[in-house]
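Enquirer:
There are 2 protein chains.
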Amino acid sequence: MPTLPAALASRRQKTVPGGTSSRGPVTRFDRRLGQILDHATEVFCLKGYEGASMRDLSRATGMSLAGLYYYFESKERLLFLIQKHTFTTILEKLKARLEDVTDPEQRIRVFILNHLQYFMSNQQGLKVLSHEDESLKNSLGSEIAAIKREYYHICLGLMEDLRRSRGLDFNARTAALSLFGMVNWIYTWYNSRVDGNAEALAEQMGNIVLNGIVHGGKPRKKS
Amino acid sequence: MPTLPAALASRRQKTVPGGTSSRGPVTRFDRRLGQILDHATEVFCLKGYEGASMRDLSRATGMSLAGLYYYFESKERLLFLIQKHTFTTILEKLKARLEDVTDPEQRIRVFILNHLQYFMSNQQGLKVLSHEDESLKNSLGSEIAAIKREYYHICLGLMEDLRRSRGLDFNARTAALSLFGMVNWIYTWYNSRVDGNAEALAEQMGNIVLNGIVHGGKPRKKS
DNA sequence: CTATACTTGGAACGAACGTTCGAACGTATG
DNA sequence: CATACGTTCGAACGTTCGTTCCAAGTATAG
Chain B
1 MPTLPAALAS RRQKTVPGGT SSRGPVTRFD RRLGQILDHA TEVFCLKGYE
51 GASMRDLSRA TGMSLAGLYY YFESKERLLF LIQKHTFTTI LEKLKARLED
101 VTDPEQRIRV FILNHLQYFM SNQQGLKVLS HEDESLKNSL GSEIAAIKRE
151 YYHICLGLME DLRRSRGLDF NARTAALSLF GMVNWIYTWY NSRVDGNAEA
201 LAEQMGNIVL NGIVHGGKPR KKS
Chain Z
1001 MPTLPAALAS RRQKTVPGGT SSRGPVTRFD RRLGQILDHA TEVFCLKGYE
1051 GASMRDLSRA TGMSLAGLYY YFESKERLLF LIQKHTFTTI LEKLKARLED
1101 VTDPEQRIRV FILNHLQYFM SNQQGLKVLS HEDESLKNSL GSEIAAIKRE
1151 YYHICLGLME DLRRSRGLDF NARTAALSLF GMVNWIYTWY NSRVDGNAEA
1201 LAEQMGNIVL NGIVHGGKPR KKS
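Heads up: the sequence lines are chains B and Z, in that order. Residue 174 in my numbering sits at position 174 of the first sequence, with consecutive numbering throughout. Residue 1173 in my numbering sits at position 173 of the second sequence, with consecutive numbering throughout.
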């Protein structure tokens, strides 16, 4: 090997095993990789992971086919980088927001709002994350699956907290996964001109999952 | 594994070319095509439409590559046949069930139960329908989209009926699409040993969307 | 039986796939 | 200027893709 193949995740990190919290200068490499990831996200969103070819990505980025491989070692790893960045970001934002809220019901609303707001700002990334969640195999797939599991367990915990604090009687697993379905499915139908912004939609969805449509318009005062 | 009935292909039938309506005897052609569709559904479910190759289908069906093309003219049309049959079936079952129920709330519960029961009996078909809903282009895609639109409008109508009959105040579109998300997403998580049968799950989901988790355990008596 | 239509598969087509190689470019430093 | 290294690309690799041709098989009708 003449020149070392780049694209090892953290290339020349001088320090720190900190993972994504990679402080230090944003190098030219990082910036260019970020642009490629953005374009690749759009292509994967439009044609699907399997349906998108490396030549499609070459066209979308304006970079040659071979040039792309300087930034990542395989198409699969490219999908991994996209999914990991997207999922890590939404998870971090969620954790930060939850620190400010203690009321169990409001915490569930925070979960919904966080998911929807991130969807609005990165629709394509969230679709690639949802739609291609079985496309990664082996270790790459299980690393994403681990993040998903943490995201799920947070949501499950929110449901259990609410149930406990109010002495309610419902299946937290079903509730959490139903809520997941609601918010993950919006990529198939959301239209900004019809469905309003994230806050409006989050409130409606919060009303549904918390109070149901029978009580949906006016959430009842807590006892 | 149930065999998909005929009435789908009508290639060169000896009987009249009137339409694809299910008249006429179930020919050998129809039976064989049904078997192929069953196997293809399984392969598409496992590897995705783009990820599954004609050679995978050849292996799964035990038929040669060229032999498959006697039954359908392209891989895309094969996906179309699967989706059309699945969607048509679930839609017909829904319409039949709704004829017996008049109470708006119960009609929504019928919708949920119908969807879940069909999912239990044809998980793979419903996953292929949900997951590959953007894989078909042009006329094939728009024919499936038309069925989807009818299915959606039925659900939307159920929501509006409930809202009107009870003088409620909620967004029927958001409610219908949220419910769609709930029931379409189960293919990513359903586990029969944990989540019970269709009736139990349908009741829980009905409680959530109608009464919300805050009132979920015991649906309140209607006024 | 022969004749006829329906059913199958071996072999191959051109195209597109993900990936690699080695040479050349650009730029910042000595 | 020369050196070194990070960056880019044209061209090609071997493989697999969806699809087709055509001859051979098999059931059914006369």
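Glycine included, C-beta positions come from ideal geometry on N, C-alpha and C. On a predicted model such as this, the values are computed, not experimentally measured, just so you know.
Taking 8 Å as the limit between beta carbons, can you name the residues of its chain near Ser1130/Z, skipping five residues before and five after?
Expert: Within the same chain, Ser1130/Z has close Cβ partners Asn1184 and Tyr1187.
Enquirer: Within its chain, find whatever has a CB closer than 7 Å to the CB of Arg1163/Z; leave out the 5 residues flanking it on each side and keep chain order.
Expert: Within the same chain, Arg1163/Z has close Cβ partners Phe1170 and Ala1172.
Enquirer: Examine chain Z for any beta-carbon lying closer than 7 Å to the beta-carbon of Asn171/B, and answer yes or no.
Expert: Yes, because at least one Cβ of chain Z sits closer than 7 Å to the Cβ of Asn171/B.
Enquirer: Here's the rule: buried if 16 or more other CB atoms are within 10 angstroms of the residue's CB, otherwise exposed. What is Ser1021/Z?
Expert: Here the model assigns Ser1021/Z a pLDDT of 48, short of 50, so the residue's position is not dependable, and the following value carries that caveat. So Ser1021/Z counts as exposed.
Enquirer: What would DSSP say about Glu1092/Z, mapped onto helix, strand or coil?
Expert: Glu1092/Z: helix per DSSP, three-state reduction.
Enquirer: Measure the alpha-carbon distance for Leu210/B versus Met63/B and round it to whole angstroms.
Expert: Each residue's alpha carbon lies about 49 Å from the other.
Enquirer: For Ile144/B, does the three-state DSSP call read helix, strand or coil?
Expert: If DSSP states are grouped into helix, strand and coil, Ile144/B belongs with the helices.
Enquirer: Since Pro25/B is in the alpha helix (DSSP H), which residue starts that stretch and which ends it?
Expert: Where Pro25/B is concerned, there is no enclosing alpha helix (DSSP H), given that its DSSP letter is neither H nor E.
Enquirer: Who are the neighbours of Glu1050/Z on chain B, taking C-beta pairs under 7 Å?
Expert: Near Glu1050/Z (Cβ distances below 7 Å), the residues of chain B are Gly48, Glu50 and Gly51.
Enquirer: Counting only C-beta atoms, is Gly181/B closer than 7 Å to chain Z at any point?
Expert: Output row for Gly181/B: interface = yes.
Enquirer: Taking all protein chains shown into account, do 16 or more other C-beta atoms lie within 10 angstroms of the C-beta of Leu1004/Z, making it buried, or fewer, making it exposed?
Expert: Below a pLDDT of 50, predicted positions are generally treated as unreliable, and Leu1004/Z, at 36, falls in that range; the measurement from the model is reported next regardless. Counting Cβ neighbours within 10 Å, Leu1004/Z comes out buried, since at least 16 surround it.
Enquirer: For Leu1113/Z, which of His1039/Z, Lys1093/Z and Met1159/Z has the nearest alpha-carbon?
Expert: Ranking the options by Cα distance to Leu1113/Z, first place goes to Lys1093/Z.
Enquirer: Output needed in chain order: residues of the stretch 191-211 of chain B with a Cβ under 8 Å from some Cβ in chain Z.
Expert: Within the stretch 191-211 of chain B, the qualifying residues are Val194, Asp195, Leu201, Gln204, Met205, Asn207, Ile208, Val209, Leu210 and Asn211.
Enquirer: Please specify which runs of the alpha helix (DSSP H), each continuous and at least 4 residues long, are wholly inside the stretch 131-193 of chain B, giving them in chain order.
Expert: For the stretch 131-193 of chain B, whole alpha helix (DSSP H) runs of length 4 or above, ordered along the chain, are 138-166 and 172-185.
Enquirer: With a cut-off of 7 Å, does the C-beta of Ala1146/Z fall near any C-beta of chain B?
Expert: Output row for Ala1146/Z: interface = no.
Enquirer: With DSSP run on the structure shown, which of helix, strand or coil describes Tyr118/B?
Expert: Helix.
Enquirer: Only counting the same chain, and skipping five residues up and downstream in sequence, which positions put a Cβ closer than 8 Å to that of Tyr151/B?
Expert: Within the same chain, Tyr151/B has close Cβ partners Phe87, Ile90, Leu91 and Leu94.
Enquirer: Cutting at 6 Å between CB atoms, please list the residues of its own chain near Arg1109/Z, excluding the five before and the five after it.
Expert: Taken in chain order, the residues that qualify are Gly1206.
Enquirer: Using a C-beta cutoff of 7 Å, does Ile82/B count as contacting chain Z?
Expert: No, its Cβ sits nowhere closer than 7 Å to a Cβ of chain Z.
Enquirer: Going by DSSP in three states, Phe1072/Z sits in which element: helix, strand or coil?
Expert: DSSP places Phe1072/Z in coil when its eight states are reduced to three.
Enquirer: Can you confirm whether Val1214/Z, when its beta carbon is compared against all beta carbons of chain B, has any partner nearer than 7 Å?
Expert: Cβ-Cβ to chain B under 7 Å: yes for Val1214/Z.
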